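Q: In the working numbering, the protein residues as written are -15 to 231.
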Ligand code: C5P
């Protein structure tokens, strides 16, 4: 069960140094399912950072949240496949055509190269956006309605899942069913500080509410003993997986 939990634990590599990122991958790959490479690390180190993490035994979630015209996003996502990432995301606000073209291009590329398709995720509404933010860009609908609508659009376009805040998980799970992947940040085990996260959930709670993957950064990176912190999180996740009959 610890192995099932490990596959579901994503460690956010929010660092500005390739050497530091590589060291994390080397030290933590047996505790972590996916290392999340975001815009900061990617812009600092370039795509080579993906290969370097892989060489150290890690798998990569490329968190670049593509949002552009359909052809551009589809082509960029194919390049992510070429790098061998296991998970990659786009903004659902880019629309159904953008998402459908991306799915088609990824399917075609992966079939032609005989490689496993990465998990395609959509970001709905960023958790940093509230009602006021939406209103300021001309969207009058409630945040939750938008989150659901975008999650369903992503599903209809053939996406595998979404990134969602812990409190949105039950809603999305009900609307999109069990096969739809939900990745949740904002996770804080009891031993860690809250940092700047506003709505937090404990690892067990996030799993119990239906999250498939948890994104954890500072509770591991700022821990006195990061391996021990990751182990504690894995044990909590494993327990919750057993309780919820998911392995
Ligand atoms: O250090 P911490 O555990 O807060 O890191 C969480 C990671 O998840 C960061 O990389 C952050 O950018 C990302 N994230 C988030 N909230 C979202 C979407 C992504 O915290 N709604």
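Glycine is no exception: its CB is placed at the ideal position from the N, C-alpha and C atoms.
Nothing here was measured: the structure is a model prediction, and the numbers come from that model.
1) Is it right to say residue 27 is buried, meaning 16 or more other beta carbons lie within 10 angstroms of its own, or is it exposed?
2) On a CA-only basis, which of 83, 131, 1, 12 is nearest residue 158? Give me that one, please.
3) DSSP has residue 75 in a bridge; who is on the other side?
4) For residue 161, is the beta carbon positioned less than 8 Å from some heavy atom of ligand 1?
5) Which class does residue -7 belong to by DSSP, given the choice of helix, strand or coil?
6) For residue 196, does the three-state DSSP call read helix, strand or coil?
7) Report the rounded CA-to-CA distance for residue 80 versus residue 212, giving the unit in angstroms.
8) Using alpha carbons as the reference points, say which of 172, -6, 165 lies closest to residue 105.
9) Relative to the alpha-carbon of residue 52, which residue among 78, 30, 32, 37 has its alpha-carbon at the smallest distance?
10) Which residue marks the beginning of the alpha helix (DSSP H) containing residue 32, and which one marks its end?
11) Going by C-alpha to C-alpha distance, which of 210, 220, 177, 33 sits closest to residue 192?
12) Excluding the 5 residues flanking residue 31 on each side, which residues of the same chain have their C-beta closer than 7 Å to its C-beta?
13) Taking the alpha-carbon positions, what's the residue 180 to residue 171 distance?
14) Classify residue 17 as buried or exposed, calling it buried when 16 or more other Cβ atoms lie within 10 Å of its own Cβ.
15) Which same chain residues, not among the five before or five after residue 85, have their C-beta less than 8 Å away from its C-beta?
16) When the distance is taken between beta carbons, is residue 154 closer than 9 Å to residue 122?
17) Less than 9 Å separating the beta-carbons of residue 10 and residue 40?
18) Using a Cβ-based criterion (distance less than 8 Å to any ligand heavy atom), does residue -4 qualify as near ligand 2?
19) Leaving out five residues before and five after residue 188 in sequence, what residues of the same chain have Cβ atoms less than 6 Å from its Cβ?
A: In brief:
1) exposed
2) 131
3) 107
4) no
5) strand
6) coil
7) 43 Å
8) 165
9) 78
10) 32 to 39
11) 220
12) 67
13) 12 Å
14) buried
15) 54, 55, 57, 58
16) no
17) yes
18) Absent from the structure shown: ligand 2. Ligands present: ligand 1.
19) 220, 224
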